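Undergrad: The following block contains the structure, expressed as structure tokens.
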């Protein structure tokens, strides 16, 4: 049985022989490579939905936070407010979400998911599970919560 050796941060794990050089020392670069690949695979697997970037995550956040404002959505997803308005417009057009005046603060809109949006979101999450399966299989059951907590701590640096 041949044992595989661990790659150093200077080596590309793809087996291409390409060295990452100093980029291998930077978490942002390494995380972005994984994110880019997952995004591309998810886009390919969901092409028949014709969803653009931000639609899936926005719909998921609306489901998880009924009454969420557009401003909160924009901040959480990390999108410009004008892009968020376009996303919410598209979610409404598809019948996946609804925007109504907030009963708490009439200056803002409250966002809620609609039944068709819930069904679509369930389908999209099932696709996402398949897309991420091979990547997550690289982590042991003990490593996964540690990995998730580390990602959350790193993200929290930007939102103190």
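In my numbering, the protein residues as written are 574 to 733.
Glycine included, C-beta positions come from ideal geometry on N, C-alpha and C.
Predicted model, so just to flag it, every value in this text is computed and none were measured.
Can you pull the DSSP bridge partners for residue 685?
TA: What you label residue 685 is simply residue 112 of the chain shown in a count that begins at 1. For residue 685, which the question treats as bridged, DSSP gives the partners 671.
Undergrad: Measuring straight from C-alpha to C-alpha, what distance separates residue 610 and residue 703?
TA: Locating residue 610 in the chain shown gives position 37, counting from the first residue. Locating residue 703 in the chain shown gives position 130, counting from the first residue. Computed Cα separation, rounded: 14 Å.
Undergrad: Does DSSP put residue 630 in a helix, a strand or coil?
TA: Against the chain shown, residue 630 aligns to sequence position 57. Helix, per DSSP.
Undergrad: Going by DSSP, what residue range makes up the alpha helix (DSSP H) through residue 718?
TA: As a first step, residue 718 must be located in the chain shown, where it is residue number 145. Residues 716-729.
Undergrad: Buried or exposed for residue 670, going by 16 or more other Cβ atoms inside 10 Å?
TA: To locate residue 670, count along the chain shown from 1; it is residue 97. Residue 670 is buried by the Cβ-count criterion.
Undergrad: Comparing C-alpha positions only, which one of 728, 591 and 673 sits nearest to residue 635?
TA: Working through the chain shown from its first residue, we reach residue 635 at position 62. The option with the nearest alpha carbon to residue 635 is 673.
Undergrad: Provide the residue span of the alpha helix (DSSP H) that contains residue 713, from first to last.
TA: Taking the chain shown and counting its residues from 1, the one referred to as residue 713 is at position 140. Where residue 713 is concerned, there is no enclosing alpha helix (DSSP H), given that its DSSP letter is neither H nor E.
Undergrad: For the ligand ZN, is there a heavy atom less than 7 Å away from the beta-carbon of residue 599?
TA: As for the ligand ZN, it is missing from this structure, which has no ligand bound.
Undergrad: Quick one: Cα of residue 596 to Cα of residue 603, how far?
TA: Locating residue 596 in the chain shown gives position 23, counting from the first residue. Locating residue 603 in the chain shown gives position 30, counting from the first residue. Cα to Cα, residue 596 sits roughly 8 Å from residue 603.
Undergrad: How close, in whole Å, do the beta carbons of residue 629 and residue 697 come, if the pair is a contact with beta carbons under 8 Å?
TA: Position 56 of the chain shown, counted from the first residue, corresponds to residue 629. Position 124 of the chain shown, counted from the first residue, corresponds to residue 697. Sure, about 5 Å apart at Cβ, within 8 Å.
Undergrad: On a CA-only basis, which of 664, 642 and 661 is nearest residue 679? Give me that one, please.
TA: Indexing the chain shown from 1 puts residue 679 at position 106. Out of 664, 642 and 661, 642 has the C-alpha closest to the C-alpha of residue 679.
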